[in-house]
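Enquirer: Take 3 as the starting number for the sequence shown in our numbering and just add one per residue. Quick one: the structure is below, and I'll ask about it shortly.
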Amino acid sequence: MHIQMSSFLLASLALLFCISSLEKSFAFQATKESNNLRQHHFVHLNSLFPSSSCSSSAKGPKRKASLEVVHKHGPCSQLNHSGKAEATISHNDIMNLDNERVKYIQSRLSKNLGGENRVKELDSTTLPAKSGRLIGSGNYYVVVGLGTPKRDLSLTFDTGSYLTWTQCEPCAGSCYKQQDPIFDPSKSSSYTNIKCTSSLCTQFRSAGCSSSTDASCIYDVKYGDNSISRGFLSQERLTITATDIVHDFLFGCGQDNEGLFRGTAGLMGLSRHPISFVQQTSSIYNKIFSYCLPSTPSSLGHLTFGASAATNANLKYTPFSTISGENSFYGLDIVGISVGGTKLPAVSSSTFSAGGSIIDSGTVITRLPPTAYAALRSAFRQFMMKYPVAYGTRLFDTCYDFSGYKEISVPRIDFEFAGGVTVELPPVGILYVESAQQVCLAFAANGNGNDITIFGNVQQKTLEVVYDVEGGRIGFGAAGCN
3 MHIQMSSFLL ASLALLFCIS SLEKSFAFQA TKESNNLRQH HFVHLNSLFP
53 SSSCSSSAKG PKRKASLEVV HKHGPCSQLN HSGKAEATIS HNDIMNLDNE
103 RVKYIQSRLS KNLGGENRVK ELDSTTLPAK SGRLIGSGNY YVVVGLGTPK
153 RDLSLTFDTG SYLTWTQCEP CAGSCYKQQD PIFDPSKSSS YTNIKCTSSL
203 CTQFRSAGCS SSTDASCIYD VKYGDNSISR GFLSQERLTI TATDIVHDFL
253 FGCGQDNEGL FRGTAGLMGL SRHPISFVQQ TSSIYNKIFS YCLPSTPSSL
303 GHLTFGASAA TNANLKYTPF STISGENSFY GLDIVGISVG GTKLPAVSSS
353 TFSAGGSIID SGTVITRLPP TAYAALRSAF RQFMMKYPVA YGTRLFDTCY
403 DFSGYKEISV PRIDFEFAGG VTVELPPVGI LYVESAQQVC LAFAANGNGN
453 DITIFGNVQQ KTLEVVYDVE GGRIGFGAAG CN
């Protein structure tokens, strides 16, 4: 009896051990699978392509001072007469324009050409073009009202530009083709020209004087792609929403405008410069704004001003960094990059210290130091080995042919910023889709390690990006559009 009982106990213990081992095995396997899921994005290929119809942002319309953000080349855009998601500009053209913008930014910052608030004395008959920004590559615009009565105008918004301007009648020089009727200041009861004797004129870097008897203040800006805007520095009534109106807003009324502005009426400058929209409206919006760039051209995002811009519960803030001699761009400190849940050993804060880093709404593709890009590319390729490789492009050297797939798996990519902030990029922030046969890693290398790193707009898609200029910080939150 004693022997039988001992045998029974031994058998029971063995069974319990087996069950425990199986549970641990299943738990380990579940943990492994869970970790694997966290390391990857499983993406339906169709989600990377725009639809033929427009879908709205769920968050923007609920906020007080919010504008719809529209991609120029999608079905939501009034700039497309057909209303279809047919590209009005090739991917090659977009990348060429992006390269020109990046070259201009790199050149400007490497030569320390900052100080856009310097007084510049110009001969009244000679108005040489001064530094501006390349905006031909700007893909996103908003609609605001100008004048009394107001006229709706589509403006490309740009965190790297300071002057807000629009084309104006009578186009004394020349005007490019735009979708909206050109603004006619003679039909607005609230329009005024700034005089040369005004302190507003002398504070403006590109200001000169007209040769007319009223000596109106003239602005003259040249952008990185040789696009230009020249005209009168003016004040006008600016309507953001029905309840948000800015009186005596300083802007450029363009009389001679040439270049690759592609259908919009002008530009909204959102930089840190003293005459930018952000600074001019500081008493209303406290130098806070946010945006969410849509996932594809067939979706809408939003641009929001004031306290309601920072209501996302998932926001994580990193401090702005200082760009030497530059008061327009928004600097930030990148301290690391992770691929597939693993931090890249070759990438640290020192990787970015030589050139510094900025965030820019107008640059399309993020530019990284060569060592950081090489490490990112190598890790990404390891995860993507099962997929057929496609030919690269002028900008992209890591591309794949997904034409035989309905769903793909891509490694998670996280950017780490100062202050312990980690931002997970969405799949649309990792891949640039030219076609199903050519889907590329959406990053590029700078020419050398001393060039400034630029966190571009593809990587910002669907994120809530909050610029708390007064607080000296920038916030990131997931699911910013919906």
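Glycine residues also receive a C-beta, built at the ideal position from the N, C-alpha and C atoms.
What's the gap between the Cα of Ala446 and the Cα of Pro429?
Expert: Working through the sequence shown from its first residue, we reach residue 446 at position 444. Working through the sequence shown from its first residue, we reach residue 429 at position 427. Distance between the alpha carbons of Ala446 and Pro429: 17 Å.
Enquirer: Straight-line CA distance for Arg40 to Ala315?
Expert: Along the sequence shown, one-based indexing puts residue 40 at 38. Along the sequence shown, one-based indexing puts residue 315 at 313. Between Arg40 and Ala315, the C-alpha separation is close to 21 Å.
Enquirer: Between Ile336, Ser49, Ala67, which has its C-alpha nearest Pro299's C-alpha?
Expert: For this step, residue 299 is matched to residue 297 along the sequence shown. With distances taken between Cα atoms, Pro299 lies closest to Ser49.
Enquirer: State yes or no: is the C-beta of Trp167 within less than 9 Å of the C-beta of Val223?
Expert: Your numbering for residue 167 matches position 165 in the sequence shown. Your numbering for residue 223 matches position 221 in the sequence shown. Closer than 9 Å, so yes.
Enquirer: Tell me, which residues are paired with Val2 by DSSP?
Expert: Within the shown structure, residues of the chain are numbered from 3 to 484, placing residue 2 beyond reach of any answer.
Enquirer: Within this structure, are the beta carbons of Phe354 and Ile336 separated by less than 9 Å?
Expert: The residue you call residue 354 lines up with position 352 of the sequence shown. The residue you call residue 336 lines up with position 334 of the sequence shown. In this structure, Ile336 lies closer than 9 Å to Phe354 by Cβ.
Enquirer: If contact is defined by three or more beta carbon pairs under 8 Å, each pair taking one atom from either stretch, is the segment 170-185 in contact with the segment 284-300?
Expert: No, because fewer than three Cβ pairs between the segment 284-300 and the segment 170-185 fall closer than 8 Å, the two stretches do not touch.
Enquirer: Do Asn94 and Thr395 have their CB atoms nearer than 9 Å?
Expert: Indexing the sequence shown from 1 puts residue 94 at position 92. Indexing the sequence shown from 1 puts residue 395 at position 393. Result yes, Cβ atoms of Asn94 and Thr395 sit closer than 9 Å.
Enquirer: Can you tell me which of Ile230, Asp470, Glu466, His275 puts its alpha carbon nearest to the alpha carbon of Ser59?
Expert: By 1-based counting over the sequence shown, the position of residue 59 is 57. Among Ile230, Asp470, Glu466, His275, the Cα nearest to that of Ser59 belongs to Glu466.
Enquirer: Rounded C-beta distance between Cys255 and Phe234? I'm assuming under 8 Å.
Expert: What you label residue 255 is simply residue 253 of the sequence shown in a count that begins at 1. What you label residue 234 is simply residue 232 of the sequence shown in a count that begins at 1. Yes, Cys255 and Phe234 are in contact; Cβ-Cβ is about 5 Å, under 8 Å.
Enquirer: Grab me the residues of Gly76's own chain with a C-beta within less than 6 Å of its C-beta, minus the 5 sequence neighbours each way, in chain order.
Expert: Within the sequence shown, the letter at position 74 stands for residue 76. Same-chain partners within the cutoff: Pro52, Ala87, Pro299, Ser300.
Enquirer: Can you give, in chain order, each stretch of the beta strand (DSSP E) that sits fully within the segment 303-371 and has at least 3 residues?
Expert: Counting whole runs of 3 or more residues, the segment 303-371 contains the beta strand (DSSP E) stretches 303-307, 318-323, 332-334, 336-341, 359-361, 368-370.
Enquirer: With distances taken from CA atoms, which of Lys197, Asp453, Ser340 is nearest Ala377?
Expert: Looking up residue 377 in the sequence shown gives position 375. Comparing Cα positions, the closest option is Ser340.
Enquirer: So who's on the other strand from Ser156, going by DSSP bridges?
Expert: Counted from its first residue, the sequence shown places residue 156 at position 154. The partner list for Ser156 (beta bridge, DSSP) reads Val145.
Enquirer: Roughly how many whole angstroms lie between the Cα atoms of Gly358 and Asn459?
Expert: Mapped onto the sequence shown, residue 358 falls at position 356. Mapped onto the sequence shown, residue 459 falls at position 457. Gly358 and Asn459: Cα-Cα distance of roughly 18 Å.
Enquirer: Among Cys198, Gly474, Lys388, whose alpha-carbon lies nearest the alpha-carbon of Gly491?
Expert: Because the chain here runs from 3 to 484, residue 491 falls outside it and cannot be looked at.
Enquirer: Determine, for Phe354, whether the minimum Cβ-Cβ distance to residues of chain E falls below 9 Å.
Expert: You won't find chain E in this structure, because it holds only one protein chain.
Enquirer: Along the beta strand (DSSP E) that carries Cys294, what are the first and last residues, could you check?
Expert: Here residue 294 refers to the residue found at position 292 of the sequence shown. First-last of the beta strand (DSSP E) with Cys294: 290-294.
Enquirer: Thinking Ile454 and Leu111 are a contact (beta carbons under 8 Å), I'd like their distance in whole angstroms, please.
Expert: For this step, residue 454 is matched to residue 452 along the sequence shown. For this step, residue 111 is matched to residue 109 along the sequence shown. Contact flag correct, Cβ pair sits at about 5 Å.
Enquirer: According to the neighbour-count rule (16 or more other Cβ atoms, all chains shown, within 10 Å of its Cβ), is Gln257 buried or exposed?
Expert: The residue you call residue 257 lines up with position 255 of the sequence shown. It is buried - the Cβ of Gln257 has at least 16 other Cβ atoms within 10 Å.
Enquirer: What's the gap between the Cα of Asp246 and the Cα of Lys66?
Expert: For the purposes of this step, residue 246 is taken as residue 244 along the sequence shown, with counting starting at 1. For the purposes of this step, residue 66 is taken as residue 64 along the sequence shown, with counting starting at 1. The straight-line gap from Cα to Cα measures roughly 9 Å.
Enquirer: Which residues bound the alpha helix (DSSP H) around Thr204?
Expert: The count along the sequence shown starts at 1 and reaches residue 204 at position 202. Thr204 -> alpha helix (DSSP H) spans 201-204.
Enquirer: Let me know if Pro371 comes out buried or exposed under the rule of 16 or more other beta-carbons within 10 Å of its beta-carbon.
Expert: What you label residue 371 is simply residue 369 of the sequence shown in a count that begins at 1. Under this definition Pro371 is a buried residue.
Enquirer: Here's the rule: buried if 16 or more other CB atoms are within 10 angstroms of the residue's CB, otherwise exposed. What is Lys345?
Expert: Along the sequence shown, one-based indexing puts residue 345 at 343. By the 10 Å Cβ count, Lys345 comes out exposed.
Enquirer: Taking contact to mean at least 3 C-beta pairs separated by less than 8 Å, is the segment 156-170 in contact with the segment 271-283?
Expert: The segment 156-170 is in contact with the segment 271-283.
Enquirer: To the nearest angstrom, report how far apart Ile456 and Asp216 are at their CA atoms.
Expert: Translated into positions along the sequence shown, residue 456 becomes position 454. Translated into positions along the sequence shown, residue 216 becomes position 214. Cα to Cα, Ile456 sits roughly 43 Å from Asp216.
Enquirer: Helix, strand or coil, according to DSSP, for Gln181 in the structure here?
Expert: Counted from its first residue, the sequence shown places residue 181 at position 179. In the structure shown, Gln181 sits in coil (DSSP, three-state: anything other than H, G, I, E or B).
Enquirer: How is Gly117 classed by DSSP in three states: helix, strand or coil?
Expert: Residue numbering aside, residue 117 sits at position 115 when the sequence shown is read from its first letter. Because Gly117 sits at a pLDDT of 38, beneath the cut-off of 50, its placement in the model cannot be relied upon, and the following sentence gives the value as read from the coordinates. It is coil, neither helix nor strand.
Enquirer: Could you tell me which whole alpha helix (DSSP H) segments of length 4 or greater appear in the segment 231-302?
Expert: Listed in chain order, they are 279-282, 284-287.
Enquirer: With Ala381 and Gly342 assumed to form a contact (beta carbons below 8 Å), what rounded beta-carbon distance in angstroms separates them?
Expert: To locate residue 381, count along the sequence shown from 1; it is residue 379. To locate residue 342, count along the sequence shown from 1; it is residue 340. Their Cβ separation, rounded to whole angstroms, is 7 Å, which keeps Ala381 and Gly342 in contact under 8 Å.
Enquirer: Let me check one thing: in DSSP terms, what residues is Gly458 bridge-paired to?
Expert: Working through the sequence shown from its first residue, we reach residue 458 at position 456. According to DSSP, which records beta bridges pairwise, Gly458 is partnered with nothing at all.
Enquirer: Does DSSP classify Asn101 as helix, strand or coil?
Expert: Numbered from 1 along the sequence shown, position 99 holds the residue referred to as residue 101. Helix at Asn101.
Enquirer: Between Pro151 and Ser190, what straight-line distance do the alpha-carbon atoms span, to the nearest angstrom?
Expert: Counting from 1 along the sequence shown, the entry for residue 151 is found at position 149. Counting from 1 along the sequence shown, the entry for residue 190 is found at position 188. Those two C-alpha atoms are separated by around 6 Å.
Enquirer: Can you grab the Cα-Cα spacing for the pair Ser27 / Pro347, in whole Å?
Expert: As a first step, residue 27 is located in the sequence shown; it is residue number 25 there, counting from the start. As a first step, residue 347 is located in the sequence shown; it is residue number 345 there, counting from the start. Its pLDDT being 46, under 50, Ser27 is placed unreliably in this model, and the coordinates cannot settle the point.
Enquirer: Which residues in the same chain have their Cβ closer than 8 Å to the Cβ of Ile196, if we skip the five residues on either side of it in sequence?
Expert: Within the sequence shown, numbered from 1, the residue matching residue 196 stands at position 194. Only Leu202, Cys203, Ser218, Cys219, Phe234, Leu235, Ser236, Gln237, Leu252 meet the Cβ criterion.
Enquirer: Can you find the residues in the same chain that come closer than 6 Å, C-beta to C-beta, to Leu81, ignoring five residues on each side of it along the sequence?
Expert: Position 79 of the sequence shown, counting from 1, holds the residue named residue 81. For Leu81, where only same-chain residues beyond five positions count, the Cβ hits under 6 Å are Lys74, Gln181, Gly265.
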